[in-house]
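Chains as they are written, first to last, in this note's numbering: chain A, -8 to 442; chain B, 479 to 802.
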């Protein structure tokens, strides 16, 4: 006995074949001329002639940069894309660290990723997922960045990609107007800074405000604080040792540095201007951390140069404006180490068009084009700081391009992700929320991957 | 964003190929079944029909489960064998122990609270005039996703400094009666309870509906007989209602236990596992995907599986007994 009667089977087979035919008929899409194809011969394109023609090719970019900043990126490379014919598909994500892993493991990596953490880049390089940078990119990086920067994207002697944007973290934001009114002076040493804080606290407002809430990454602004002070307390070499875990996380020197930060961040007399007691730091979004300065409820806010983007609309960022920033002073005013961060452009593919995009991003033209559109900082030499959109960007660029500057990368971005994007952030959040320094540092030290 | 049909063409083609391939597979299976000789015990037919499902289960469930188990005995990068280290970490490291403790609190409290609230509510509104309205109201939160509920409740718990206007409902109430605003989500171990409230809020409706249906299923004769015998309302509840709906209660408890063990969204949305509120699923995600510690993540996943298994077995047994 047959389960299917004859006529039914015939219909089914015919139907299946028919569908298959439809599928194959659609399966031959005609080559479509790219949108930029026609304009690629125009005079504006002369500048991009060195990159050649890659008609109809697509390069995908995956990055933690989103929204308005991402739009500016796309706007900045639009002429390049039109002239070379490369279609750049850009995708920004708020969960870069987790999603890039999922995509790479799932066999669906982007062509290019902007890594904000050299530690993460290293993990992918060691896993053999990244392609080494081309000779062209290597050459551009050598001429454009200091050796420090190139070092951060070099894993086991192989160079993986040029830096992109940069930020200077060693800034304290303040209100020049408020300072002039009250007769306060910008401090030049740590002691002056603490004296100033006490003075301000005496006038009835809490001198410092801070916010470390940042979704998955909650805690990072506090780690920046620690790094900045460590860099001043134990010097650049000591800092390198600490980042490489040659100096344990719970070493007395580190404990001392963290307590030095605690003298501000865990002092109910000094924080949290405009938001409440110490614990409110943990629940205040980092974007809003400094805003009370504009309301006169707080006087000082330590945050990177990019905080210029987060002031309420209409706030004038200038030395004589509503807000400005001074260098976070150390004990010795003669030494001015700079803590900073940035992204690196690494590729999961080595197709010619991918390498062309990498080369363009490593050139001086891209950051120049990007800076003209909006606030942006790069450490690349040959980019004129005069193009900067605000005085803080200009100051940052000058600091980064100055050959005598001792630059150190944000340590949490260099450490293994388990610490740098995990227990360090979490530990500092717990620290703000009331745990004592030693307990927190012991916990972070114990979480360092053993290998 | 303009929709470029031509640019999407490859995806549509893939889609069509996928549908076509599916139909081909179905067709092949049916033809095979049709051709196979029919015996009294249809082993061949069963095999042919089960094969695709088994194949998919193997690819989607068995292989990943085995791989996860293997990974749990390996180092973070999956290169070295580390034996029981990851499990040792889980039970000794204070932060990891906190995670286990939290999960235990969740699993103990949520099913109990959800069932108790659902049951009391179902009994109270049973056969009243506004029953359907009351049930819809308590069932409404079920329609909200865990993430949505998490965001709503984050606002309920929101904190503003004393001198500012409160935007959180709870703190506004506290201030209204003259108290000081609190940072509810930052006070361990109380904050875990505040998160549990959210889960109970969502799930109580489910319990109400299931238990209410069960109560209505109690034969009227039993109820009448009990009433004739002069049972008080309390006696009715404990001697008649409760034993009669035992299986429904078990269903609610079991589904809630499993759901709570796997709980991830609420914790992640509301605290991100900070302030000692993390639970196993959240920590597993953090370890495996954010920290690149696949070994530890896998160990947590295996442990979670081990915890869920007895509950599932218990439920299967219950169902078998019920069928008998």
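Cβ atoms here follow ideal geometry from the backbone N, Cα and C, with glycine treated the same way.
Cα atoms of residue 323 (chain A) and residue 226 (chain A): separation of roughly 11 angstroms, rounded to the nearest angstrom. Residue 150 (chain A) carries a strand assignment under DSSP once its states are collapsed to helix, strand and coil. Three or more Cβ pairs drawn from the segment 156 to 165 of chain A and the segment 291 to 298 of chain A lie within less than 8 angstroms of each other, which places the two stretches in contact. Not one beta carbon of chain B lies nearer than 8 angstroms to the beta carbon of residue 66 (chain A).
The shortest C-alpha to C-alpha distance from residue 746 (chain B) to any of B:760, B:734, B:735 is the one to B:760. For residue 204 (chain A), no beta strand (DSSP E) segment is defined, and its DSSP state is neither H nor E. CA-to-CA, the gap between residue 606 (chain B) and residue 711 (chain B) works out to about 15 angstroms. By the 16-neighbour rule on beta-carbons within 10 angstroms, residue 114 (chain A) is buried.
Under the DSSP definition of a beta bridge, residue 329 (chain A) partners with A:398. According to DSSP, residue 105 (chain A) shares a beta bridge with A:336. Closest by C-alpha distance to residue 366 (chain A), out of A:48, A:354, A:133, A:156, is A:156. If only complete runs of 4 or more residues are kept, the segment 701 to 774 of chain B shows the alpha helix (DSSP H) at 724 to 739, 743 to 748, 758 to 763, in order along the chain. In the structure shown, residue 83 (chain A) adopts extended strand secondary structure according to DSSP, grouped into three states.
DSSP places residue 78 (chain A) in the strand class (E or B) of the three-state scheme. Of the other Cβ atoms in all chains shown, 16 or more fall within 10 Å of the Cβ of residue 680 (chain B); this residue is therefore buried. Within the segment 81 to 103 of chain A, the residues whose Cβ lies closer than 8 angstroms to any Cβ of chain B are, in chain order, 88, 89, 92, 93. Annotation for residue 317 (chain A): the continuous beta strand (DSSP E) segment containing it runs 315 to 318.
Following the DSSP letters along the chain, one finds residue 570 (chain B) inside the alpha helix (DSSP H) bounded by residues 563 to 570. Close CB contacts of residue 625 (chain B) within its chain, under the 7 angstroms cut and outside five residues either way in sequence, are with 743, 747 (chain order). Contact between residue 81 (chain A) and residue 61 (chain A) holds: their C-beta atoms lie close to 6 angstroms from each other, under 8 angstroms.
Taking 8 angstroms as the cut-off, the Cβ atoms of residue 66 (chain A) and residue 364 (chain A) count as close. Here DSSP, grouped into helix, strand and coil, assigns residue 291 (chain A) to strand.
In the DSSP assignment, residue 53 (chain A) falls within the unbroken beta strand (DSSP E) covering 49 to 54. Per DSSP, residue 164 (chain A) is one residue of the beta strand (DSSP E) stretching across 162 to 165.
Relative to residue 301 (chain A), the option among A:374, A:310, A:311, A:315 whose CA is nearest is A:315. For the segment 757 to 787 of chain B, the set of positions with a beta-carbon nearer than 9 angstroms to some beta-carbon of chain A reads 763, 764, 765, 766, 767, 768, 769, 770, 771, 774 in chain order. For a Cβ distance threshold of 8 angstroms, nothing in chain B lies close to residue 174 (chain A): the least Cβ distance comes to about 26 angstroms. Residues of the segment 148 to 179 of chain A whose Cβ lies closer than 8 angstroms to any Cβ of chain B: none. Within the segment 227 to 281 of chain A, the complete alpha helix (DSSP H) segments of 4 residues or longer fall at 243 to 256, 271 to 274, listed in chain order. Cβ neighbours of residue 560 (chain B) within its own chain (closer than 8 angstroms, five residues either side excluded): 551, 552, 553, 773.
Separation of the CB atoms of residue 402 (chain A) and residue 234 (chain A) is rounded to 5 angstroms, and the pair is thereby assigned contact status at 8 angstroms. DSSP, read as helix, strand or coil, puts residue 596 (chain B) in helix.
As summarised for the segment 381 to 440 of chain A, the continuous alpha helix (DSSP H) elements at least 4 residues long and confined to that stretch are 382 to 392, 402 to 405, 415 to 423, 428 to 437, given in chain order. In the displayed model, residue 211 (chain A) falls within a helix according to three-state DSSP. Residue 536 (chain B) is bridged by DSSP to nothing; it lacks a bridge partner. With three or more CB-CB distances shorter than 8 angstroms, the segment 690 to 699 of chain B counts as touching the segment 594 to 603 of chain B.
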